[in-house]
Amino acid sequence: MDLDELMGVLQKRFKPYGGDTPSFTALPSKGIARKEVITLLTRLQRTEGKRWQRGRVSGAVYHGAPEHVRFATQAYALGSQSNPLHPDVWPSLLKMESEMVAMTGRMLGGSDTTRGAVTSGGTESILLAMKAYRDRARSQRGTQVPEAILPTTAHVAFDKACDYFGLRAVRVPVTSDLTADVEAVKAAINERTAVVVGSAPCFPYGVVDPIRELAGTAKDRGVGFHSDACLGGFLLPWAKRLGHRVPDFDLTVPGVTSLSVDTHKYGYAPKGTSVILYTDPELLRHQYYVAKGWPGGIYFSPTLAGSRPGGLVTAAWATMLALGEEGYLSLAERVLGAAQELRRGIPQVPGLSMMGDSLFVEAFTSSTQDIYQVMEALSSRGWFLNGLQRPPGVHLAVTLRHAARGVTHQFLSDLRWAVDHASDASSAEGLAPIYGLAGTMPEDAVEEFIGSVLDWMYHAS
Ligand SMILES: Cc1ncc(COP(=O)(O)O)c(C=O)c1O
């Protein structure tokens, strides 16, 4: 595929609106009637909504039933003008945020000393935890460039955190079952180590690392341990209750000192919230930002942003209250049921095999076909899967959207078709060719290439 063809693929996928869709590269000189704006938005939403509403997208929208969306939107509207930066004006947000921390902490085995904060998403929770470990290592041990030990499958947000905050990321291999290699982690710990990370589960394969062993090692060596339950935190406790085998991962595990858990994934809240939890209040202190002596007044913020969307906090809190334990349990049963159907069906397709033993992330590869061509063929049938690399694979993170009647059956039937038609897949719609291309480019070239794609993506013309 040459550059022109590639740009054609990207154009179709990322900038499909031309023709009858107006574009704006400057403020309209006179405001457009609100009704007209809403009509335009409704049209855009209808086109894109179809993708996820009928369960064709991996992850992304975790609940999405119309009555649930209406409820969350109503709650959002009630808080839309509020801002947690001004707790004096909106003390109700303080109540909601601290209760979200308390409720998630309780769900995940926290104790009276569990503390935390509400953030904008998994990445921010991880960034903040890494900043807290960095500052603790600097102040307690004088380590200027502390190290974070990351199994290769740990989310890339940890690399981002290390990059942003001046920690050194030490990547260690995983074993043949794709979980963190405890011995490799042990060998990597040294006097500069500030934190060891494990996932519950990891994004690529949905497998849970041996958190008990990893956290125990971290504790013995006097370093912190972060359990990344961004993806699984709102599902695994209920999976366990439903009788599934769930490795220990929560705050009850000795040595776990922090945990991230996303309300905007299987917590079923609208996008834009997550919770970061610490077992030791002193560690949370290293997360805070306090400005001393600024002419603008006394300024402090518990998380990264200054002003924050109180509406999203309101909607997340309202979602947690409305679902309660029973709600989360019954939704988990549906998600896990759909996932089991896929897990049984996928390996029956000739040439396909599962990557990792997961409860709700279906990662697979092919021994007979280029898996990216399979992904491409699936995308021509309207499926949006996640491409994996090193080694090549794809995954579908199962949500409630896939638990709707007929969706898993449709996926398996389209998958069989896609495997049969993989070699002649050339829909020029999907992103599969980019995975193939990126896999063959040197890392620096990938960075340069993606940089220019980003320039193009976010430039309106
Ligand atoms: C295990 C894990 N950690 C962290 C993240 C980052 O979450 P976010 O995209 O909300 O920043 C994800 C996202 O999928 C994840 O799966």
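If you're matching positions, the sequence shown starts at 149 in my numbering and goes up one per residue. Note that beta-carbon positions come from the ideal geometry of N, C-alpha and C, so glycine has one too. As the structure is a computational prediction, the values presented were derived from the model and not from experiment.
Cα-Cα, which of the options is closest to residue i?
i	options	result
residue 546	511, 562, 572 and 266	511
residue 484	549, 503 and 514	549
residue 475	603, 211, 205 and 278	211
residue 275	345, 207, 243 and 291	345
residue 534	561, 460, 206 and 178	206
residue 315	340, 325, 302 and 203	340
residue 496	557, 179 and 393	557
residue 559	571, 543 and 499	543
residue 320	593, 589 and 303	303
residue 200	551, 406, 606 and 372	551
residue 337	326, 318, 351 and 347	318
residue 403	186, 368, 383 and 392	368
residue 351	607, 366, 371 and 327	327
residue 153	582, 278, 264 and 288	582
residue 287	504, 435 and 298	435
residue 219	170, 162 and 469	469
residue 222	430, 461 and 411	461
residue 374	428, 194 and 598	428
residue 325	536, 186 and 353	353
residue 390	489, 478, 241 and 592	478
residue 538	586, 359 and 366	586
residue 216	487, 536, 471 and 572	471
residue 364	347, 334 and 385	334
residue 332	311, 300, 312 and 360	300
residue 292	277, 313 and 273	313
residue 455	158, 186, 176 and 237	237
residue 266	242, 180, 482 and 382	242
residue 424	168, 277, 394 and 164	277
residue 516	482, 151, 566 and 271	566
residue 406	439, 392 and 371	371
residue 503	187, 541, 486 and 487	541
residue 273	553, 408, 606 and 604	408
Got a sec? Which residues, its chain only, sit under 7 Å from residue i by beta carbon, not counting five neighbours each side?
i	result
residue 349	355, 356, 379, 380, 506 and 509
residue 323	329
residue 204	530, 531 and 532
residue 480	383, 386, 387 and 390
residue 413	210, 378, 379 and 382
residue 523	533, 535, 542, 578 and 580
Excluding the 5 residues preceding and the 5 following residue i in the sequence, name in chain order all residues of the same chain whose CB lies nearer than 8 Å to its CB.
i	result
residue 600	none
residue 589	597
residue 569	525
residue 498	516 and 567
In terms of residue numbering, what span does the alpha helix (DSSP H) encompassing residue i cover?
i	result
residue 224	214–227
residue 376	Not the alpha helix (DSSP H): residue 376 falls in the beta strand (DSSP E), residues 372–377.
residue 246	239–255
residue 275	270–289
residue 185	182–201
residue 602	591–605
Output needed for residue i: all residues of its chain with C-beta closer than 6 Å, excluding positions within five of it in sequence on either side, in chain order.
i	result
residue 342	281, 285 and 294
residue 268	420
residue 500	494, 512 and 514
residue 459	224, 227 and 228
residue 432	263 and 426
residue 283	434
residue 394	384, 387 and 388
The beta strand (DSSP E) with residue i in it runs from where to where?
i	result
residue 295	295–299
residue 502	500–502
residue 448	447–449
residue 543	541–545
residue 426	422–426
residue 455	Per DSSP, residue 455 belongs to no beta strand (DSSP E) and is neither H nor E.
residue 514	509–514
residue 369	Here residue 369 belongs to no beta strand (DSSP E), and DSSP marks it neither H nor E.
residue 347	341–347
residue 407	406–409
residue 536	534–536
residue 318	316–320
residue 265	263–267
I want to see whether chain C comes within less than 7 Å of residue i, judged by CB atoms only; does it?
i	result
residue 469	In the displayed structure, chain C is absent; only one protein chain is listed.
Does the beta carbon of residue i fall short of 6 Å from some heavy atom of ligand 2?
i	result
residue 376	Of the ligands one can find in the structure shown, namely ligand 1, none is ligand 2.
State whether the region 246–266 contacts the region 453–466, with contact taken as three or more CB pairs (one from each stretch) at a distance under 8 Å.
Contact between the region 246–266 and the region 453–466 is present, because at least three Cβ pairs lie under 8 Å.
Cβ pair count under 8 Å reaching 3, the region 251–260 against the region 301–310
No contact exists between the region 251–260 and the region 301–310.
Could you say if the region 412–419 and the region 205–224 meet the contact criterion of at least three C-beta pairs nearer than 8 Å?
Yes: at least three Cβ pairs fall under 8 Å.
With a threshold of 8 Å, are at least 3 pairs of Cβ atoms found where one atom belongs to the region 450–464 and the other to the region 231–244?
Yes, the region 450–464 is in contact with the region 231–244.
Does the region 387–407 come close enough to the region 256–266 that 3 or more CB-CB pairs lie under 8 Å?
Touching, per the Cβ criterion.
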